[in-house]
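Asks:
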Amino acid sequence: IVGVEAEPEMIMIFHLQECYTDSTGSYIVYAPIDIMAMNMILGGGNPDPDRVQILASGFAVLPDRPTAHGEETGGSILTVSFKIIDFNLAALEYLPPNSVLTLYKLITETVTMIVDALLL
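Okay, so the sequence shown: first residue is 1 according to the UniProt record's numbering, each after it adds one.
1) Along the chain, where does the beta strand (DSSP E) that runs through D116 open and close?
2) How is the beta strand (DSSP E) around I41 delimited, first residue to last?
3) Report the three-state DSSP secondary structure of Y94 (helix, strand or coil).
4) With 16 as the cutoff for other CB atoms within 10 Å, does I35 come out buried or exposed?
5) From which residue to which residue does the beta strand (DSSP E) around residue 121 run?
6) State the CB to CB distance for the pair A31 and R51, rounded to an integer number of angstroms; the pair is presumed to be in contact (CB under 8 Å).
7) Could you compute how far the alpha carbon of P97 sits from the alpha carbon of T110?
8) So what does DSSP say about G58, is it helix, strand or coil?
9) Identify which residue in F59, N39, G25 and G43 has its Cα closest to the Cα of Q17.
10) Give a yes or no on whether 9 Å exceeds the smallest Cβ distance from F87 to chain B.
11) Between the alpha carbons of A117 and R65, how many angstroms are there, rounded?
Below you can see the structure in the form of structure tokens.
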């Protein structure tokens, strides 16, 4: 469980996170959850599924091919997944241009940060 600092007037968000790595690849899966829902779950309460939503997102980094003994490592394949709810959608078949732009920025910035972290 990772906490994110928030402004005093904002709701504090935690991230439930699972990560794993071995020679076949690595993954990180996380889900943001607000402090009230977290307290309800940790307190043993029975959370209302309509109020506590687990929107899991994450990424996996896999080698693009196996390496032979003594061979330099090859590249990697990055798979990114986001689960997002937009309550403002008028129809499931239509995604407004501003939502497309927001999603594009989210995906490109996330991929850039992951690639930068891998190159360190």
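Don't be surprised by glycine CBs; every beta carbon is placed ideally from N, CA and C. If you're wondering where the values come from, they're calculated on a predicted model, not measured in any experiment.
Replies: The relevant details are as follows:
1) Segment P97 to L118 is the alpha helix (DSSP H) holding D116; no beta strand (DSSP E) there.
2) That residue, I41, is in no beta strand (DSSP E); its alpha helix (DSSP H) goes I35 to L42.
3) coil
4) exposed
5) Any property of residue 121 remains undetermined from this structure, which presents the chain solely from 1 to 120.
6) Actually they are not in contact, since the Cβ atoms of A31 and R51 sit about 15 Å apart, beyond 8 Å.
7) 20 Å
8) strand
9) F59
10) Among the chains of the structure shown, chain B does not appear; only one protein chain is present.
11) 21 Å
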